[in-house]
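These notes concern the structure reproduced below.
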Amino acid sequence: MQQEDIPVRQLISEKSGPIFELKRLLGQPFWFFVLLVTVILFSLFIIFPIINLILLPEASDWLRFFTSARFRGAFQNTIIISILSTTTSTILGFAYAYAMNFVKLPGQKFFRNIVLLPLMSPPVIIGLAFLLLFGRRGYITWNLLGLNTNLYGWRGLWIVQTLTFFPVSYITITGVLKSISPRLELAARNLGSSGFHLFRTITFPLAIPGVISSALLVGIMALADFGNPMLVGGNFNVLATEAYVQATGRYDMSIAAVLSVMLVLPTLALFLFQKFKLGKTSVVTITGKPSSDLIRYPISKKVKALLFAMCSALSGFIILLYSIVVVGAFVQVLGVQHDFTLSHIRSVFIGSTALRNSWMLGFTAAVLTAVLGVLIAYLINRKNFPGRGALDFITLMPASLPGTFIGIAFILAFNSGKIVLTGTAVIIVLSMTIRNLPLGYRNSYAALQQIDESIEEASTNLGGNGFQTFTKVVMPMLKNAFSTSLIYNLMKSMNTLSAVIFLISPRWNLGSVQVLSLADHGYTGQASAMALGLMFLIFLTLGVAKLILGDSVNIFNI
Amino acid sequence: MSNVVELKGVSKVFGDLLAVDNVNLEIKDGEFMTFLGPSGCGKTTTLRLIAGFYACDKGKVYLNNKDVTSVPPNKRDTAMVFQDYALFPHMTVYDNISYGLKLKDFSKAEIDKKVQNALEQVQLSGLDNRGVDQLSGGQQQRVAVARALVMDPVALLMDEPLSNLDAKLREDVRAELRMIQQEVGITTIYVTHDQDEALTMSDRIAVMNKGRIEQLGSAQEIYFNPATRFVADFIGTTNGIEGEVEERSGEKAFKFNKGSYASVHEDIDTGEAFLSIRPEFIKITPDNTSFNQNYDNVYKGEIEQVLFVGEKTRYYVKSEDRRWIIDVFGEKNIYSANTFVNIGFNYDDSNIIYD
């Protein structure tokens, strides 16, 4: 059957473009509704607060920033300390990851687990422990060495941030190293390369994009760090702490807004660089399978010994930090009065609602984040609609926004006007949700990419509509990713400090904020007990989740 | 017999690519129709247009004489067997097969009856409670077929369903699928790039290329009388010879390679053409016989290469300044290379194609 040669080619064009996409989405009421709700939520709780904050300061406020040595100093300090901490964290993280993945070391399992501790506990715990060990009445500096010095200031902060962030580098770089096939090294060996030459020409070049991406992630975290500078920064002020002081101490919201904008500029720059220049390589819990079971060729004894020493030192230091917090929680006053007591623990668990609030609000936020994350991931991964790229960008953007910025933006936006939320639990939950959304979204997105679209088509073909297909077929397949995301978000929400410190109220106080303020006021015992309480709740939740869901919950996937 | 599936001037564009180009097609009740073509020819796209996964950019799709062009896929009465089966990995065999029935609100007893019946049809009875990941590739494929059959669809759509099976199994399943199809009497549209599959299973084949149907016909029609050069080339192996039909001393003849001629039917048109002759229709013999009288076209040549394939021997013969492919079946006596031979064929076995 020969067809006539009508020049149809010119007459037909693809029915594509915003109108057809929208029309098609309207045919799936459930997804259209999800999109609508998302757009409203984002407009109200991401876009509006940001624009509101940016528009608040006047020219005179900006002038104040640029003429004040104190504020400019804070900016410089922030940049300098972030560069220092990112560099050391990345180097240590890389070495640690290399030692865990490319080398066989005695006690490797122990090293692997210990380094997860700082990732799972409130970041402020390291600052607190550091204070207990090396502070003005530090157990090591004062009690053991009898020194009258302390490590407050940029040196202490550098050490604390390095210890806080190198596990992040370790986790992200592990993902990168695991994706390098041992076959490539075997091939290089087969061609005559070995030792440092092999590392320099094969392993390291392959890892570079991932390492840079990891460094950018750590850079954003270091720039935004609030708890550590508060506790150990001393007179070394950074933007996050300065903004906090200005906002809560002097009620100068305009300059606080200026400072937080100045803080966002570098983090946003790093974020944009990562997103558009490096692609999507990082983020903690992406699932990645080891590329093969081939065994790597052993490295030289000297390098091995060096790596072992480094891992031992880092792990030892982490253990020391956590031990001192445990001790601190159970003695009267560490460094002064070493009698055993349960009063700190009691005051934290019974005398305060902060822990309960942390869990409740954290859990609520985690559920919201996981649900929103999976819905938005599905929309963006599987549906076509106008503004899809913009939605992806806005969902990921909070990853680049320091908590301080979000906290101040929320306070400014919801303190007065049409929506008043200050002092409520809602504003805390929302801030947690917005901050963790990028991760929840990324996780679900990665999991969705593993699912062949034909499975959903099969459901559609058998008569399932958009909602039925999602609930009966997609969600059960995303179960693991979803519960992992839920647990991880809960952990993050319970540990977060920098945004919620602006949003708490006497009615809704939180554990992480309490650790900081108790430590700040010298109540190190109660601060330690509170930090332990948070960790206890996190581990308890994780344990229960493992019991219910089995080993499918693997939040760090290594 | 009525048309169960009908495409009227259907086109689909992806960006600048015209994936399906004005396809018209009528598929009758109980017919096994195959879309055959190379990858990118538009066969799967056409199937997906029928299932509703793509929207037509032009033209109309009818199922049971009803215009379904704008009906969403979940409301079309077509059931599809996917290339990778697309079984729901978190469900048992039973849950997979009953999935669509449950959405249609059948009673539990009805569902049970239908599922058992479908399991029987694909010979998987007793495996109801297996997880689909515990099944072999062939079994998974049967579950996919059962899941589609159980819906009692207007048409069964199959998208290269055998491509993930190994070669031996594929031949068995081929016969089995055809048998099930005939037992149930279900209208089936089958997409494949494998001509053996198409030739053995189909009532009719639509050979597709560049988004168009090049030829529509039974397996024999397509094999023996290819309508276009593409079909002649794509289906099986052929000796395709460029040339020209011209008048030569009062008779029509096909002129090729400047000075060679092949005789043709008297009633064909003159002009540029393409002669296609299948390798098995060319006979070969050492050059000392009286072979010449038995064939319309006889040429002298020399064997260049011999490939013993098993059921046949393939010769590459240099003759009339070109290379001929000749297949000989059922002959133990095999000529060696560099033997001088005569080759011959009848014009009834050849095709003259103008396109």
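The listed protein sequences derive, respectively, from chains H and C.
Start counting at 1 in the first sequence, then tack on 669, and there's your number in my numbering.
Start counting at 1 in the second sequence, then tack on 183, and there's your number in my numbering.
For glycine and all other residues, C-beta sits at the position ideal for the given N, C-alpha and C.
Predicted model only: the values in this text are computed from it and were never measured.
{"Asked": "One or two residues paired with L785(H) in a DSSP bridge", "Found": "According to DSSP, L785(H) bridges with nothing at all."}
{"Asked": "T1140(H) at chain C interface by Cβ criterion, 7 Å", "Found": "no"}
{"Asked": "Alpha helix (DSSP H) segment containing Q1195(H), residue limits", "Found": "T1193 to L1218"}
{"Asked": "Extent of the continuous alpha helix (DSSP H) run through Q324(C)", "Found": "G320 to L332"}
{"Asked": "Residue environment, V952(H), which counts as buried when at least 16 other CB atoms sit within 10 Å", "Found": "The predicted position of V952(H) is uncertain, since its pLDDT is 37 and thus under 50; a value taken from the coordinates is nonetheless stated next. That one is buried."}
{"Asked": "Cutoff 7 Å; reference L1106(H); Cβ partners in own chain excluding five residues on either side", "Found": "T1038, L1041, G1042, T1064 and P1067"}
{"Asked": "Short Cβ contact (7 Å threshold) for N1053(H) with L1117(H)", "Found": "no"}
{"Asked": "Where the stretch 681 to 707 of chain H meets chain C: residues whose CB sits under 9 Å from a CB there", "Found": "I681, S682, E683, K684, S685, F689, R693, G696 and Q697"}
{"Asked": "Cβ of L724(H) within 7 Å of any chain C Cβ", "Found": "no"}
{"Asked": "Three-state secondary structure (DSSP) of A389(C)", "Found": "strand"}
{"Asked": "Cutoff 7 Å: I1124(H) Cβ touching any chain C Cβ", "Found": "yes"}
{"Asked": "Alpha-carbon to alpha-carbon, V276(C) and V326(C)", "Found": "7 Å"}
{"Asked": "Inter-stretch contact (C-beta, 8 Å, three-pair minimum) for the stretch 1121 to 1138 of chain H and the stretch 1072 to 1092 of chain H", "Found": "no"}
{"Asked": "Burial state of M216(C), where buried means 16 or more other Cβ atoms lie within 10 Å", "Found": "buried"}
{"Asked": "Pairwise C-alpha distance: N207(C) and E485(C)", "Found": "47 Å"}
{"Asked": "Boundaries of the beta strand (DSSP E) in which K946(H) is found, first to last residue", "Found": "That residue, K946(H), is in no beta strand (DSSP E); it is neither H nor E in DSSP."}
{"Asked": "Chain H contact residues for D240(C), given Cβ-Cβ distances below 8 Å", "Found": "I681, S682, E683 and K684"}
{"Asked": "In DSSP terms, what G314(C) is bridged to", "Found": "T275(C)"}
{"Asked": "Collapsed DSSP secondary structure at N480(C) in the structure displayed", "Found": "strand"}
{"Asked": "A456(C) at chain H interface by Cβ criterion, 7 Å", "Found": "no"}
{"Asked": "Residues in the stretch 994 to 1013 of chain H having any Cβ partner in chain C nearer than 7 Å", "Found": "none"}
{"Asked": "In chain order, each beta strand (DSSP E) run of at least 3 residues that lies wholly inside the stretch 365 to 438 of chain C", "Found": "371 to 375, 387 to 392, 395 to 400 and 422 to 431"}
{"Asked": "Sequence-distant residues of its chain with Cβ nearer than 6 Å to L1155(H) (five each side left out)", "Found": "A1035 and A1039"}
{"Asked": "Simplified DSSP state of P792(H), which is helix, strand or coil", "Found": "coil"}
{"Asked": "Reference D1061(H), options S790(H), I1045(H), I716(H) and F763(H), closest by Cα", "Found": "I1045(H)"}
{"Asked": "Given I424(C) as reference, the closest of Q323(C), E503(C) and V367(C) once Cα atoms are compared", "Found": "E503(C)"}
{"Asked": "Within-7 Å CB hit, P462(C) to chain H", "Found": "no"}
{"Asked": "is_contact[T755(H), chain C] using C-beta, thresh 7 Å", "Found": "no"}
{"Asked": "Between the CA atoms of A338(C) and I369(C) - distance to the nearest angstrom", "Found": "7 Å"}
{"Asked": "Chain-ordered residues of the stretch 278 to 289 of chain C with a beta carbon less than 8 Å from chain B", "Found": "Judged by its chain identifiers, the structure shown contains no chain B, and its protein chains are H and C."}
{"Asked": "W507(C), enclosing beta strand (DSSP E) - first and last residue", "Found": "R505 to F512"}
{"Asked": "Rounded straight-line distance, which links the Cα of Q266(C) to that of N516(C)", "Found": "43 Å"}
{"Asked": "Closest by C-alpha distance to M1029(H), when choosing among S1162(H), A1168(H) and F1018(H)", "Found": "S1162(H)"}
{"Asked": "Interface partners of D654(H) on chain C, CB under 8 Å", "Found": "This structure gives no information on residue 654(H), because the portion of chain H shown stretches from 670 to 1227."}
{"Asked": "Contact list for T1129(H) against chain C, beta-carbon separation under 7 Å", "Found": "P256 and N257"}
{"Asked": "Reduced DSSP category for N534(C) - H, G, I as helix; E, B as strand; rest coil", "Found": "strand"}
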